[in-house]
């Protein structure tokens, strides 16, 4: 990835440039050159202002339109009681059942394997999702918090992979404590595998 | 216009890079407070870009302070990556 190297090189350049300009003008007075200008023409200032305003309005408008078109329904994820590990939803799978909708929420009921296949398409956008452990006795909430908040849902990934049957869209997340998630990701880094974990016993 | 583009590009590139790193927190990565300092530095660099159109000398000073703030994150990161200590 070139971005860190590019950022570091540019940062070194701007540090040297700004330091030189800061101390040069103090010492020598003003000698304007193309690389060390004393100011900018009025026309250039207006052009930059107009371009910046147009860019800002364009980006704001694009984000607003994009947000309106990407409305996502809330999801309710039902995970077998005691399951610890990665769960995975695979979308747009032929012959798989569509996702049921209950109370305006998509219902993702995972089997004990932690792998759920559906013919439904994945939706994108922001929505408040809910997570539960389910058993014969009922369901209990799984907290979804930021790091350090005692949550049990981690590492949500929405991605696409290519296989022999074409491209496959999927969503994965980890169910367990933050410590278990850390141990799992460190273990995966060592093994180099992203296969869903088996349920805890 | 040279300082304007220089400060603007560097502010955008470093800000975008640190923003990506901060987004990894959503996957459980720990947040380094220096990343936030660096992000503020990138924002100041973008402000310096616009200031350079009117007051090049003041903009250069602001850009120098901003770049030092950005180095607060990049410096230790480079040292750790290279493994000097």
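Chains as they are written, first to last, in our numbering: chain A, 1 to 201; chain B, 1001 to 1085.
No residue lacks a Cβ here, since even glycine has one placed at the ideal position from N, Cα and C.
Quick caveat, the model's predicted, so the values are computed rather than measured.
Remark: fewer than three beta-carbon pairs, one from each stretch, lie closer than 8 Å, so the segment 37–45 of chain A and the segment 90–103 of chain A are not flagged as touching.
Distance from residue 1011 of chain B to residue 1045 of chain B at the Cβ level is roughly 3 Å; contact confirmed, criterion being Cβ atoms closer than 8 Å.
Residue nearest to residue 37 of chain A within the set A/159, A/15 and A/24 is A/24 (criterion: CA-CA distance). Closest in alpha carbon position to residue 121 of chain A, among A/48, A/186 and A/168, is A/168. Cβ atoms of residue 1007 of chain B and residue 1063 of chain B come within 8 Å of each other, at about 5 Å. Between residue 158 of chain A and residue 105 of chain A, the alpha-carbon positions lie close to 18 Å from each other. Out of A/39, A/115, A/82 and A/117, the CA that lies nearest to the CA of residue 135 of chain A is found in A/82.
In this structure, residue 7 of chain A sits away from residue 1081 of chain B, with a CB-CB distance that is not shorter than 8 Å.
Within chain A, the residues placing a beta-carbon under 8 Å from that of residue 1004 of chain B are 40 and 48, ordered along the chain. Within chain B, the residues placing a beta-carbon under 8 Å from that of residue 44 of chain A are 1001 and 1053, ordered along the chain. At a cut-off of 8 Å between beta-carbon atoms, residue 142 of chain A makes no contact with chain B.
For the C-beta of residue 1040 of chain B, not a single chain A residue is nearer than 8 Å; the gap to the nearest is close to 15 Å.
Residue 1017 of chain B is bridged by DSSP to nothing; it lacks a bridge partner.
By the rule that beta-carbons nearer than 8 Å mark a contact, residue 1080 of chain B does not touch chain A. Residue 131 of chain A and residue 144 of chain A do touch by the CB rule: their CB atoms are close to 6 Å apart, below 8 Å. Residue 139 of chain A sits in a strand when the DSSP states are folded into three classes. Any Cβ of chain A closer than 8 Å to the Cβ of residue 1043 of chain B would place that residue at the interface, and such an atom is absent. A Cβ of chain B is located within less than 8 Å of the beta carbon of residue 7 of chain A. Under the 10 Å beta carbon count, residue 1059 of chain B is surrounded by 16 or more other beta carbons and is classified as buried.
For residue 72 of chain A, the three-state secondary structure derived from DSSP is coil. With respect to chain B, the C-beta atom of residue 67 of chain A has no partner C-beta closer than 8 Å.
Going by C-alpha positions, residue 101 of chain A is about 15 Å away from residue 116 of chain A. Taking 8 Å as the threshold, the shortest C-beta distance from residue 2 of chain A to chain B does not fall below it. In the DSSP secondary-structure assignment, residue 80 of chain A is bridged to A/134. Short of 6 Å from the beta carbon of residue 171 of chain A, and not among the five residues preceding or following it, lie these beta carbons of its own chain, in chain order: 89 and 158. Non-local beta-carbon contacts of residue 1042 of chain B in its own chain, meaning distances under 7 Å to residues more than five positions away in sequence, involve 1011, 1014, 1015, 1018 and 1070 in chain order.
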